[in-house]
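Okay, structure first, notes after.
Printed below as a string of structure tokens:
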């Protein structure tokens with residue numbers, strides 16, 4: 021199956037399962053908790069969970085799928101809390117939970133999803149010891165995600181963030197949940213320790229590359245295409261891998277923060293291209309993807325193994 | 021052993037275990053997460069966990085104790101998030117996490133504790149299936165606690181809260197975590213389903229009574245003794261069981277919200293006593309305690325069974 025078809029099919033399946041589990045909210049708080057979860061999204065983490073399960077044990081994913089929702093629910097919990105911290109008004113084209121219900125309810129709505137995430141793992145039809153390991157792994161990952169978000173916020177007050185600090189931050193903020201999605205999928209499906217580790221690393225690396233690609237899209241893609249404000253990272257002085265690589269090459273992006281119209285952006289991109297900054301950042305993302313795919317070479321040959329390679333490249337080939 | 025000695029000993033043990041687990045925080049976020057957790061507290065939930073474990077399987081609690089910390093950690097997570105919502109500046113005589121570090125870090129600090137709570141259950145030396153059931157139970161309880169906090173906040177805009185709504189709210193906000201502490205203790209120690217259920221109900225009822233006692237302390241105890249602002253619930257127009265019972269008897273506490281000095285408070289208490297309100301509320305708390313103790317009569321006779329009865333009465337005999 022083509023990756024695009026696979027992702028579309030999985031998203032439909034996830035939406036239908038979410039409807040079965042939470043489609044009939046009984047309280048105001050449940051409705052707030054459902055708001056973002058039912059607002060779509062690519063459902064990439066459950067897709068990764070499914071591929072990993074079927075890659076180590078063909079056909080196993082259906083049996084353990086409730087746990088696959090857990091990763092999507094975890095992701096949505098972090099988004100609700102992040103939106104409060106970042107004071108973001110919109111997400112997936114809808115008003116954010118705290119904008120609609122206020123901060124107290126939004127904090128609680130995130131907390132409700134957090135609980136559901138752990139509950140969903142327990143509902144999988146899988147060996148009990150695997151479920152306990154999955155819960156441990158998800159817990160460690162949630163702690164890492166919080167650390168990543170905290171690092172990201174602390175970077176706002178700094179102009180000297182290093183490459184290693186940046187990569188550690190994006191790995192925690194974005195990578196580990198992809199890693200855990202793949203690891204838990206393979207774990208509950210009966211994968212070996214080596215397979216589970218390989219999947220965890222695959223997810224961490226592709227997730228970090230995904231975030232680097234996000235930085236590239238912010239600078240390179242027009243607002244029409246990306247749906248976001250072009251070059252907003254530059255204007256906000258964000259410590260992205262682009263800014264860090266530029267600084268390493270003696271380029272100060274500070275003066276570019278003001279008056280960045282379309283022509284300015286074009287000049288900035290041209291200048292960064294001349295200095296090899298964009299290329300270097302793209303190479304870093306590609307190296308992460310290459311290494312992620314290398315790591316899962318230990319898997320038997322299955323259609324899912326090919327999908328996993330396609331998914332990894334998709335993470336950095338997308339332009340939105 | 022006397023209850024007081026038992027609680028003191030358990031608090032020391034909990035503090036020492038917390039020190040072993042989290043005493044060496046590596047990041048700013050970990051320090052924020054530790055702040056309230058290391059600020060003392062009675063550690064009643066781990067004590068209840070221990071009693072329940074040893075009541076069904078003497079001597080078993082030491083083996084599964086990491087999971088006992090889980091309930092204390094969960095409690096602290098909810099306090100950090102509640103303090104943000106309620107804009108409280110002090111807790112346990114210390115500045116609250118959001119006052120010291122700001123709201124974004126406080127949200128994350130609570131989220132870190134939330135993750136640790138689930139991780140701690142997995143670390144217990146207990147059968148894997150019991151740990152999975154314990155994780156499920158904790159997850160359901162966390163969702164209930166959020167609902168309870170949401171109900172509590174929504175009551176602020178209402179003056180017609182019923183007795184049943186109030187009891188449902190305090191059971192969710194306070195009772196279920198006591199219930200889960202006792203249930204998980206007995207579950208991981210190998211208790212039967214009937215024992216686990218009895219413990220859950222015991223905790224829900226004693227926890228609800230604890231909250232009713234809190235309402236009584238707010239009105240009846242001087243600020244010197246309770247460390248809290250006397251009659252603040254009345255001034256804030258809170259829907260406590262006192263206010264609800266008064267309303268049921270045709271007494272409107274509205275006019276008492278203003279100008280409540282020491283003499284006013286004394287007159288109010290005298291009036292409520294004359295109308296049997298205080299007595300009726302005390303009876304409601306006592307009935308809950310009696311029913312909680314009845315429920316655990318199925319347990320074998322052990323020192324812990326006696327301690328559990330003492331603890332239940334302690335919940336409504338304390339004056340702070």
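Protein chains in written order, with my numbering: chain A, 21 to 340; chain B, 21 to 340.
Backbone N, C-alpha and C fix where the C-beta goes; we use that ideal spot for every residue, glycine too.
Query: Among B:236, B:165, B:76, whose alpha-carbon lies nearest the alpha-carbon of residue 321 of chain B?; Result: B:76
Query: Can you look up residue 111 of chain B in the DSSP assignment and give me helix, strand or coil?; Result: strand
Query: Identify whether residue 153 of chain B lies in helix, strand or coil by the three-state DSSP scheme.; Result: helix
Query: Excluding the five sequence neighbours on either side, which residues of its own chain have a C-beta within less than 6 Å of the C-beta of residue 175 of chain B, listed in chain order?; Result: 181, 259
Query: Which chain B residues sit within Cβ distance under 9 Å of residue 48 of chain A?; Result: 170, 174
Query: What's the C-alpha gap between residue 66 of chain B and residue 85 of chain B?; Result: 8 Å
Query: Just the chain A side, please: which residues come within less than 8 Å of residue 134 of chain B by C-beta, in chain order?; Result: 131, 134, 162
Query: Just the Cα atoms here: how many angstroms apart are residue 157 of chain B and residue 204 of chain B?; Result: 8 Å
Query: State yes or no: is the beta carbon of residue 100 of chain A nearer than 8 Å to at least one beta carbon in chain B?; Result: no
Query: Helix, strand or coil: which one does DSSP assign to residue 30 of chain B?; Result: helix
Query: Please classify residue 199 of chain A as buried or exposed, where buried requires at least 16 other C-beta atoms within 10 Å of its C-beta.; Result: buried
Query: Would you say residue 139 of chain A reaches chain B, if we count a Cβ-Cβ gap shorter than 8 Å as a contact?; Result: yes
Query: Would you say residue 156 of chain B reaches chain A, if we count a Cβ-Cβ gap shorter than 8 Å as a contact?; Result: yes
Query: Taking buried to mean at least 16 other C-beta atoms within 10 Å of its own C-beta, is residue 225 of chain A buried or exposed?; Result: buried
Query: Specify, as a first and last residue, the run of the alpha helix (DSSP H) that residue 331 of chain A falls within.; Result: 323-337
Query: Cβ closer than 7 Å: which chain A residues qualify as neighbours of residue 124 of chain B?; Result: 105, 173
Query: Have a look at residue 27 of chain B and residue 43 of chain B and give me their C-alpha separation to the nearest angstrom.; Result: 22 Å
Query: Of the residues that make up the region 301-326 of chain B, which ones have a beta carbon closer than 9 Å to any beta carbon in chain A?; Result: none
Query: In chain B, what lies closer than 7 Å to residue 149 of chain A by C-beta?; Result: 148
Query: Assign residue 96 of chain B to one of three DSSP states: helix, strand, or coil.; Result: helix
Query: Please report the distance separating the alpha-carbon of residue 112 of chain A from that of residue 96 of chain B.; Result: 33 Å
Query: Just the chain B side, please: which residues come within less than 7 Å of residue 166 of chain A by C-beta, in chain order?; Result: 49, 128, 131, 132
Query: Would DSSP call residue 277 of chain B helix, strand or coil?; Result: helix
Query: Please check if any C-beta of chain B sits within less than 8 Å of the C-beta of residue 224 of chain A.; Result: no
Query: Is it true that the CB of residue 170 of chain B sits closer than 8 Å to the CB of residue 17 of chain A?; Result: Not covered by the structure: residue 17 of chain A. The range shown for chain A is 21 to 340.
Query: Mind listing the chain D neighbours of residue 41 of chain B? Cutoff is C-beta to C-beta under 9 Å, in chain order.; Result: Among the protein chains in the structure shown, which are A and B, there is no chain D.
Query: Give the DSSP-derived three-state secondary structure of residue 245 of chain B in the structure shown.; Result: helix
Query: Quick one: which chain B residues come within Cβ less than 7 Å of residue 181 of chain A?; Result: Neighbours of residue 181 of chain A on chain B: none; closest Cβ ~15 Å, over 7 Å.
Query: Tell me whether the beta-carbon of residue 128 of chain B lies closer than 8 Å to the beta-carbon of residue 55 of chain B.; Result: no
Query: Output needed in chain order: residues of the region 214-245 of chain A with a Cβ under 8 Å from some Cβ in chain B.; Result: none
Query: I'd like the span of the alpha helix (DSSP H) that includes residue 192 of chain B, first residue to last.; Result: Counting along the chain, residue 192 of chain B falls outside any alpha helix (DSSP H), and DSSP gives it neither H nor E.
Query: In whole angstroms, what separates the C-alpha of residue 78 of chain B from that of residue 319 of chain B?; Result: 12 Å
Query: Does chain B have any CB closer than 8 Å to the CB of residue 152 of chain A?; Result: yes
Query: Beta-carbon of residue 209 of chain B versus every beta-carbon of chain A: anything under 8 Å?; Result: no
Query: On a Cα-Cα basis, can you pick out the residue from A:268, A:323, A:283 that is closest to residue 298 of chain A?; Result: A:268
Query: Residue 87 of chain A versus chain B: which residues are under 8 Å apart at the beta carbon?; Result: Within chain B, no residue comes near residue 87 of chain A; the closest Cβ sits about 12 Å away, beyond 8 Å.
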